[in-house]
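Notes for the one structure printed next.
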Ligand SMILES: Cc1ncc(C[n+]2csc(CCOP(=O)(O)OP(=O)(O)O)c2C)c(N)n1
Ligand code: SF4
Ligand SMILES: [Mg+2]
């Protein structure tokens, strides 16, 4: 089969005509915009991308990317993404999920996905609130803060998504900001290109319910300088090389923890970790199955024209044979 | 004759692989664990993927995701896991996902009797998710039927694009029996109906097809739309929400009504295609023994003893529980004065039989058959005497 050269695409190609019902000024617009641009930069055909959304304002992002899309259940986009990717390892799979979707109801899936390291891109829209259900405290809202929908200050402490991603085993970890689109596009491109589970925590102002960590707050209007700074501009190297020795790994992890704890007047964004030391789950399957990438579950021929299975089970079940 | 000594779990795994199952995800739970173990061991050998998920919610979610990408998927659990499946069962109904779910029932409620058999999930399987939309439930009564009905489950799942349950129980999946594998009844593998391939320019990323293919359009209302796999030529959108023919969320009452009616009628208008049973009639019998699953074995022995003692009894082993096989039931109930239903619960299916008996009696203007339920809920199997006592 002749391989045609790929024509270049523009971000517009990924925009469907579906009415958007996010509030004006919502950070989600920036994220969707960045997804379009990242896909265009990577020149990925629409039918090779699946966007899997949870439930929340964030989960609706999959309606606004004109590729395969699944609107799943609250907290469940990760196992759906896992199933899609394992059935067809030639797809680019992107999860769009809120902080509540990811770190509260879906926290178990979040952790266990890290253990597997299936190749997908996880974009967490982090607005510290449950946007869709009108502003209850999300799992990333710090202890003692009181956003405008809360009757009392938050009684729970926040989970640190970067630390949880590290502990769970994600092999690419980053943080972006939904109003710094150029930077965000770069991060999403790198996350998609990473062969393994890539987790991107995206700081996403919710102008409707989060009146504390607003666009103005991130811009540092109260302190006279922007709060966000780019890790890479400060020379932070996130890469753990393929055969790094123990000392290198330990040093890298300590740096990661230090950076992941920074919050307040200086908040790092950028790439926190690229761990090349761990192979992706698909490679592990391939070592068991053999020709997994050529005939994954999605494309395996099942039966002949008479409906008779093509699978020869006799070697498998020989042990049950009575002679 | 090729005789093999195997348990129901092995027969189910074998049926699934013969049916073209390429993806399995499960979470350990007695008594469904053997199915997970066999799958993890055997499926990779035939090129499939089987994995142990972090919980049942993940297991069924992965199966649905894999199906969207083109796999044929199965999962297996017991009552506690069915509880966790609930919301995803609803999604599978809404998004018309072909999927096979094995329930190896154990005694409930809650953790119940983890190592004891029961049939307490029969109504739960039918009504286990919100909305009340139909699913299909099959119930094997022997190791050989575990094989055949697993094939049947995959077949019906493809035919109707709906989750199909295999309602088994601890004794069915774990007890060994000798099976003549050459005599096993097979069900041909049904090709998945896929949307026609569009012109080749779909590979051009700039190509934006006019809406030539509507993934969620059905005409007439009871027709099952063809699937379009992720990664294939059509861009499709799958959603948990009530949707229009494009897969976009809709609140338009006319479209909402039509979708919901479709989800109902695609199965209920064709329920005769889902009815399976084994009927053993006796000339002139006015007593009918009825069972499904493990108690059917006791029932068969009861029939033998009753007939040997000069009683006239017919016997019906239901292989389909949902939709209620009303055609078969009304046929078997004709001329019957007394029905004895044996179950490992407090009569969950007896009430369905009673309902049909009254309706048939009214229809024919005759007295309704007396429906007697014989139950056991101590984790032990029903004995033939339970049936026999009800006719002597
Ligand atoms: C099982 C279940 N429980 C509760 C809900 C209601 N619900 C919808 S979205 C949501 C929270 C969303 O918060 P988050 O994930 O942070 O997304 P955001 O809207 O902030 O983007 C909740 C609780 C639901 N849809 N399903
Ligand atoms: S509630 Fe917040 S997160 Fe949701 S659309 Fe409005 S601004 Fe965006
Ligand atoms: Mg949120």
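Chains as they are written, first to last, in my numbering: chain A, 2 to 324; chain B, 101 to 492. A virtual CB, placed ideally from N, CA and C, is assigned to each residue, including glycine.
Which residue from 239(B), 445(B), 485(B) puts its Cα closest to that of residue 475(B)? To locate residue 475(B), count along the second chain from 1; it is residue 375. Taking only the C-alpha atoms, the option nearest residue 475(B) is 445(B).
Identify, in the order they occur along the chain, each residue of the same chain with its Cβ nearer than 8 Å to the Cβ of residue 279(A), setting aside the five sequence neighbours on each side. Against the first chain, residue 279(A) aligns to sequence position 278. Excluding residues within five positions, the ones whose Cβ falls inside 8 Å are 118, 170, 172, 197.
Using a C-beta to C-beta distance shorter than 7 Å, which residues of chain A count as neighbours of residue 130(B)? As a position in the second chain, residue 130(B) is number 30, starting the count at 1. Ordered by position in chain A, no residue passes the 7 Å Cβ test against residue 130(B), which lies about 21 Å from the chain.
Looking only at its chain, what residues have a beta carbon closer than 7 Å to the beta carbon of residue 450(B), apart from the 5 residues adjacent to it on each side? Counted from its first residue, the second chain places residue 450(B) at position 350. For residue 450(B), where only same-chain residues beyond five positions count, the Cβ hits under 7 Å are 441, 443, 471, 473.
At a Cβ threshold of 8 Å, is residue 455(B) touching chain A? Counting from one through the second chain, the residue named residue 455(B) turns up at place 355. No, because no Cβ of chain A sits closer than 8 Å to the Cβ of residue 455(B).
So the candidates are 106(B), 264(B), 344(B); which of them puts its Cα closest to the Cα of residue 243(B)? Position 143 of the second chain, counting from 1, holds the residue named residue 243(B). Cα-wise, what sits closest to residue 243(B) is 106(B).
Quick check on residue 267(B): does DSSP put it in helix, strand or coil? For the purposes of this step, residue 267(B) is taken as residue 167 along the second chain, with counting starting at 1. Residue 267(B) falls in the strand class under three-state DSSP.
Kindly say whether residue 310(B), judged by its beta-carbon, lies nearer than 8 Å to any beta-carbon of chain A. Indexing the second chain from 1 puts residue 310(B) at position 210. Unreliable positioning characterises residue 310(B) in this predicted model, as indicated by a pLDDT of 42, which lies under 50. The coordinate reading is nonetheless provided below. False, the Cβ-Cβ gap to chain A never drops below 8 Å.
Applying the 10 Å Cβ sphere with the 16-neighbour rule, what's the burial state of residue 311(A)? In the first chain, the residue the question calls residue 311(A) occupies position 310. It counts as exposed.
According to DSSP, simplified to helix, strand and coil, what is residue 171(A)? For this step, residue 171(A) is matched to residue 170 along the first chain. Coil at residue 171(A), not helix or strand.
Looking only at DSSP bridge pairs, what is residue 186(B) linked to? Start at 1 with the first residue of the second chain, and residue 186(B) comes out as number 86. DSSP, once it has assigned bridges, lists no residue as partnering residue 186(B).
Neighbour flag for residue 250(A) against chain B, beta carbons, 8 Å: Here residue 250(A) is taken as the residue at index 249 of the first chain, counted from 1. At a cut-off of 8 Å, the C-beta of residue 250(A) has no neighbouring C-beta in chain B.
When you compare only the Cα positions, how much space is there between residue 39(A) and residue 181(A)? Start at 1 with the first residue of the first chain, and residue 39(A) comes out as number 38. Start at 1 with the first residue of the first chain, and residue 181(A) comes out as number 180. Distance between the alpha carbons of residue 39(A) and residue 181(A): 14 Å.
Output needed for residue 228(A): all residues of its chain with C-beta closer than 8 Å, excluding positions within five of it in sequence on either side, in chain order. Here residue 228(A) corresponds to residue number 227 of the first chain, with the count starting at 1. The answer, listed in chain order, is 218, 219, 220, 221, 265, 266, 267, 268.
Verify the CB distance criterion: does residue 307(A) have a CB-CB separation below 8 Å to chain C? Here chain C cannot be found, since the structure's protein chains are A and B.
Which word fits residue 156(A), buried or exposed, when buried means at least 16 other C-beta atoms lie within 10 angstroms of its C-beta? Your numbering for residue 156(A) matches position 155 in the first chain. Its Cβ having fewer than 16 others within 10 Å, residue 156(A) is exposed.
What first and last residue would you give for the beta strand (DSSP E) that runs through residue 339(B)? Here residue 339(B) corresponds to residue number 239 of the second chain, with the count starting at 1. Segment 337–339, the beta strand (DSSP E) holding residue 339(B).
CA-CA distance, residue 177(B) and residue 128(B)? By one-based count along the second chain, residue 177(B) stands at place 77. By one-based count along the second chain, residue 128(B) stands at place 28. In a straight line, the C-alpha of residue 177(B) is about 8 Å away from that of residue 128(B).
Can you give me the start and stop residues for the beta strand (DSSP E) that residue 70(A) sits inside? Numbered from 1 along the first chain, position 69 holds the residue referred to as residue 70(A). Its beta strand (DSSP E) spans residues 69–72.
Is the region 22–35 of chain A close to the region 51–64 of chain A, with three or more CB pairs under 8 Å? yes
Residue 298(A) at chain B interface by Cβ criterion, 8 Å: In the first chain, the residue the question calls residue 298(A) occupies position 297. Taking Cβ atoms only, chain B reaches closer than 8 Å to residue 298(A), which makes this a yes.
Check whether the region 293–309 of chain A and the region 282–297 of chain B touch, using three or more Cβ-Cβ pairs below 8 Å as the test. yes
Give a yes or no on whether the C-beta atoms belonging to residue 260(B) and residue 324(B) are separated by under 8 Å. One-based indexing of the second chain puts residue 260(B) at position 160. One-based indexing of the second chain puts residue 324(B) at position 224. Yes, Cβ-Cβ distance for residue 260(B) and residue 324(B) is below 8 Å.
Are residue 204(A) and residue 189(A) close, meaning C-beta to C-beta below 8 Å? Residue 204(A) sits at position 203 when you count from the first residue of the first chain. Residue 189(A) sits at position 188 when you count from the first residue of the first chain. In this structure, residue 189(A) does not lie closer than 8 Å to residue 204(A) by Cβ.
Chain B contacts from the region 76–107 of chain A (Cβ-Cβ distance under 7 Å): 77, 80, 81, 82, 83, 84, 85, 87, 88, 89, 91, 92
Please report the residue range of the alpha helix (DSSP H) in which residue 218(A) lies. The count along the first chain starts at 1 and reaches residue 218(A) at position 217. Start and end: 216–219.
Measure the CB-CB distance between residue 412(B) and residue 439(B) and report whether it falls below 8 Å. Taking the second chain and counting its residues from 1, one reaches residue 412(B) at position 312. Taking the second chain and counting its residues from 1, one reaches residue 439(B) at position 339. Cβ distance not < 8 Å, so residue 412(B) and residue 439(B) don't count as in contact.
What is the rounded straight-line gap between the Cα of residue 258(B) and the Cα of residue 198(B)? To locate residue 258(B), count along the second chain from 1; it is residue 158. To locate residue 198(B), count along the second chain from 1; it is residue 98. For residue 258(B) and residue 198(B), the distance between alpha carbons rounds to 5 Å.
I need the DSSP call for residue 363(B), collapsed to helix, strand or coil. On the second chain, position 263 is the one that residue 363(B) refers to. Helix at residue 363(B).
Can you tell me whether residue 132(A) sits near ligand 5, meaning its C-beta is under 7 Å from at least one heavy atom of the ligand? Of the ligands one can find in the structure shown, namely ligand 1, ligand 2 and ligand 3, none is ligand 5.
Could one say the Cβ of residue 161(B) lies closer than 8 Å to chain A's Cβ atoms, at least one of them? Position 61 of the second chain, counting from 1, holds the residue named residue 161(B). It does: the Cβ of residue 161(B) has a partner Cβ on chain A nearer than 8 Å.
Out of 268(B), 284(B), 334(B), which has the shortest C-alpha to C-alpha gap to residue 295(B)? Sequence index remark: in the second chain, residue 295(B) carries index 195 (1-based). Closest option to residue 295(B), Cα to Cα, is 334(B).
Would residue 37(A) pass as an interface residue toward chain B - the criterion being a Cβ-Cβ separation below 8 Å? In the first chain, residue 37(A) corresponds to position 36, counting from 1. Output row for residue 37(A): interface = no.
Helix, strand or coil at residue 269(A) [DSSP, three-state]: Here residue 269(A) refers to the residue found at position 268 when the first chain is read from its first residue. Of the three classes helix, strand and coil, the one that applies to residue 269(A) here is strand, per DSSP.
For the structure I just gave you, are there three or more beta carbon pairs, one from the region 226–246 of chain B and one from the region 359–370 of chain B, closer than 8 Å? yes
Just to make sure I have the definition right: I need the residues of chain B whose C-beta is within less than 9 Å of the C-beta of residue 74(A). Which are they? Translated into positions along the first chain, residue 74(A) becomes position 73. Residues of chain B passing the Cβ test: 157, 161, 187, 188, 190, 191, 340.
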